[in-house]
Structures are given as structure tokens and as C-alpha cells.
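Protein chains in written order, with my numbering: chain R, 1016 to 1166; chain L, 1016 to 1166. Only one structure is covered here, and it is reproduced in the block below.
Number of protein chains: 2
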Amino acid sequence: MPTHYQGTEGEKRALDAFIKLNRSVSALNGQLLPHLQREFSLTESQLGVLEALYHLGPLQQGQLCQKILRSGSNVTTVVDNLERGGLVRRERDATDRRIQIVQLTEHGRKVIAEALPVHVARITALLGRLSTDEQDQLGRLCKKLGSAEKG
Amino acid sequence: MPTHYQGTEGEKRALDAFIKLNRSVSALNGQLLPHLQREFSLTESQLGVLEALYHLGPLQQGQLCQKILRSGSNVTTVVDNLERGGLVRRERDATDRRIQIVQLTEHGRKVIAEALPVHVARITALLGRLSTDEQDQLGRLCKKLGSAEKG
DNA sequence: CGAATATATTTCGACATCGAAACATTCGAC
DNA sequence: GTCGAATGTTTCGATGTCGAAATATATTCG
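So this is what it looks like as C-alpha cells:
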């Protein structure tokens, strides 16, 4: 997978790492998400929302935005779809009626409780291509890289 | 950014690396793609297509699928949009009329020739948070991780 | 040749995603 | 208390993304 880009050494090195980083994520998701869809009819975003609610309890939509790192309009859409499927419920905050509080339904709780261990086991299996040291190393590098100070 | 997941040590380690990997890609793209959109009116996929055509010359849509790692129906959509914007042109292969050959227009060539160096410079700047050794290390780990043998 | 099969692309329906604009509600200043 | 700014959410329009089904063309084999 050559880079094709004629640039400085520094650019070639950075671009090479960047491409491999992106491809690794694509490859992992390509092996995870179809399972999630077929077995639990869940998308990645839906899993993210359910997981946040499962571990943190009812949340405002704005809080969900921060948790899953998506825009407000996107959270509206994802929660719409989850609500239609009966996995979550929306409720207006009594004291501040601008706020929508989202919480799991019983069905939603059952689904995420069942899906999560399976999903995590699959992730663990895929990450098993790296040694434990390498996994730690990768986490460290990604964390350093992702700490956005604005560019 | 705690993991919240109660699992084995191996699961916690894998999940932690996985989450940081995903977030780093989100963070980088979050700093790259808005620029690309504002300055050149290009999406990530459009850039991928234009770059492939720029470096490899005219390609069949099926070949584009492999280059940008997306489904056939997606490539149809992305090429539709590029064609509508006058950046690429489609042409039926003369000997096998099932095949669509996609190539840059003069305008498309100008746009990608201008956008690519700017984009690469930005990537290089962002990757500069890591030393050159760390960039190589990251590339190596991601490559190993992404080498999908089917899961 | 002609039918079955294979290959390349498009269409369709669903979901994700963003930013901008609209809307609803609350808060702050006067 | 009311009006304007701030905050939380939704709507809208555009693009991306997938898989399944449809379509178009080519190939193979009897």
C-alpha cells in the first residue's frame, strides 16, 4: 500500500502512519459492525448511546453528545431511531423543559446487557493480534495523538 | 475516559486500546475534514477518489472500490456527486460495456493538485505530536492490527 | 445458438453525519 | 416584569454508507 505522495521525508512518514491508522480502524469496524447488526440489529452509534445509558444512567441529550462525540443533530437522529425501536425513552425535564432526558427501557437494558459482552469479546479477540505490551503502546500513542489542542 | 466495563484484565486492556484508537481517528478527522470542506468543498471520500485517480490515472469503479475500501453502491454515489460537480467524468468501456471508467476532468485535476499538499501538510503537523520513532511504531502496530485474516 | 451463470453497476431503503437555521425555553439585565 | 441573549433540541438539506435487489452486459457450456 504505497503512499504515492511525493513529499518530504517527514510528510511521507506522517502520511504512512496516518493511512495505516485509518485503515486499521476501518478493518476492525468492518469485522465488528456487521456482527452487531446481524445479531442485535444495532449500529455503532446506537451501541454507543445504549452503553452510555447503561453505565451512567439517564442522560440529557447534550451529555450524550459529549459521550459519543457526535453533533447534537446526530444524537437527535440516533435517539429517534432507538426510541422508535423501543430501546430508550425520552422525557422532558420537569424543571427545565428544554432538556430531554434519555433513559433505557427494560427492553433496551436487556439488549445492551446481552450485546456488550459479545462485542467486547470480539474486540478482545481482534486486539489479540497484538501482545499486551503492544496494546498498551498503541493506546499510549493514540492517546497522545488524539489529545487535540486545536490545529 | 474510563472504560466502565467490568471484564477480565485482557478485555479491559483491549477495550482501552480500542477506544483510544477510535478516538484518535475521530479527533484527527475532526481537525482535518472541516478544513477540507471549507477550503475545497471536498469530503473525505471525494478526496480519496480524486487522489486515486490523480496518482493512478483513469480507473474502473470496481477498482475505486478497492482503493478507497468502500462498497460498490457507495462508490456510485460518491462518483455521482463528483461528476455533478464537474471534477470527474464517466465513460463506458468500449469493449466491455458493463464497465464505467472514471477519470479526472481538468478542473478535478486542478482541485486535487491544489488540495493534496495542503491536506498532507496538515496531517504532518498533527502527526507531529509524535516523534518520528513513535510515528513508525504507530504505523507498525496499526498495520499488524489491521491485517484482517477474518474474525 | 441459447440458457444459465458470472460480473459491473445502479437503485432503493435505512441509518449516520454535519452545519445552519428554526424553535422552545430559560436566564439576565434593566 | 419584559426583552434580548443564552441554552437545549429539532428540522432541513446535503453527503456518506451499507446490503439487497434490480439491471445490463459478458461468458460459458451444452
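By construction, the Cβ of each residue, glycine as well, lies at the ideal position given by its N, Cα and C atoms. Remember, predicted model here, so these are calculated numbers, not experimental data.
Buried or exposed for residue i, going by 16 or more other Cβ atoms inside 10 Å?
i                       : result
residue 1150 of chain R : buried
residue 1039 of chain L : buried
residue 1019 of chain L : exposed
residue 1052 of chain L : exposed
residue 1084 of chain L : exposed
residue 1077 of chain R : exposed
residue 1130 of chain R : buried
residue 1139 of chain L : buried
residue 1064 of chain L : buried
residue 1101 of chain R : exposed
residue 1133 of chain R : exposed
residue 1016 of chain R : With a pLDDT of 45 at residue 1016 of chain R, under the threshold of 50, the predicted position of this residue should be treated as unreliable, though the coordinate-derived value follows. Per the 10 Å Cβ criterion, exposed.
Please work out which residues of its chain come closer than 8 Å, Cβ to Cβ, to residue i, disregarding the five sequence neighbours upstream and downstream, and give them in chain order.
i                       : result
residue 1029 of chain R : none
residue 1086 of chain R : 1080
residue 1091 of chain L : 1076
residue 1045 of chain R : none
residue 1066 of chain R : 1127 and 1131
Under 7 Å Cβ to Cβ from residue i, same chain only, skipping five residues before and after it: list those, please.
i                       : result
residue 1043 of chain L : 1141
residue 1117 of chain L : 1068, 1073, 1074, 1076, 1079, 1094, 1103 and 1105
residue 1145 of chain L : 1153
residue 1048 of chain R : 1059
residue 1137 of chain L : 1047 and 1050
residue 1171 of chain R : No answer is possible for residue 1171 of chain R: it lies beyond the span of chain R, which begins at 1016 and ends at 1166.
Using C-beta distances below 6 Å, list every residue in its chain close to residue i, excluding the 5 sequence neighbours before and after it, in chain order.
i                       : result
residue 1069 of chain L : 1127
residue 1169 of chain L : The question about residue 1169 of chain L has no answer here: the residues shown for chain L are numbered 1016 through 1166.
residue 1060 of chain L : 1093
residue 1062 of chain L : none
Counting only Cβ-Cβ distances shorter than 9 Å, please list the residues of the region 1129-1156 of chain R near chain L, keeping chain order.
Listed by position along the chain: 1131, 1132, 1135, 1136, 1137, 1138, 1139, 1140, 1141, 1142, 1143, 1144, 1145, 1147, 1149, 1150, 1151, 1152, 1153, 1154, 1155 and 1156.
Answer yes if the region 1073-1084 of chain L comes into contact with the region 1030-1044 of chain L, meaning at least three C-beta pairs across the two stretches below 8 Å, and no otherwise.
Counting Cβ pairs under 8 Å, fewer than three are found: no touch.
Is there contact here, the region 1102-1122 of chain R with the region 1139-1150 of chain R, by at least three beta-carbon pairs under 8 Å?
Under the Cβ criterion (8 Å, minimum of three pairs), the region 1102-1122 of chain R does not count as touching the region 1139-1150 of chain R.
Can you list, in chain order, the residues of the region 1030-1047 of chain R whose Cβ is nearer than 9 Å to any Cβ on chain L?
For the region 1030-1047 of chain R, residues whose beta-carbon sits nearer than 9 Å to a beta-carbon of chain L comprise 1030, 1031, 1032, 1033, 1034, 1035, 1036, 1037, 1038, 1039, 1040, 1041, 1042, 1043, 1044, 1045, 1046 and 1047.
Taking only runs of the beta strand (DSSP E) that begin and end inside the region 1083-1109 of chain R, which ones reach a length of at least 3 residues, in chain order?
Complete beta strand (DSSP E) runs here, min 3: 1103-1107.
For the region 1055-1070 of chain R, which residues have a beta carbon sitting closer than 7 Å to at least one beta carbon of chain L?
Those residues of the region 1055-1070 of chain R that come within reach of chain L (Cβ to Cβ, closer than 7 Å) are 1070.
The region 1090-1109 of chain R: positions lying closer than 8 Å to chain L by Cβ:
Taking 8 Å as the Cβ-Cβ cut-off, the region 1090-1109 of chain R has no residue approaching chain L.
Chain R contacts from the region 1075-1088 of chain L (Cβ-Cβ distance under 8 Å):
Residues passing the 8 Å Cβ filter: 1084.
Runs of 4 residues minimum, wholly inside the region 1044-1074 of chain L: which ones carry the alpha helix (DSSP H) assignment?
If one requires a minimum length of 4 residues, the alpha helix (DSSP H) runs lying completely within the region 1044-1074 of chain L are 1059-1071, in chain order.
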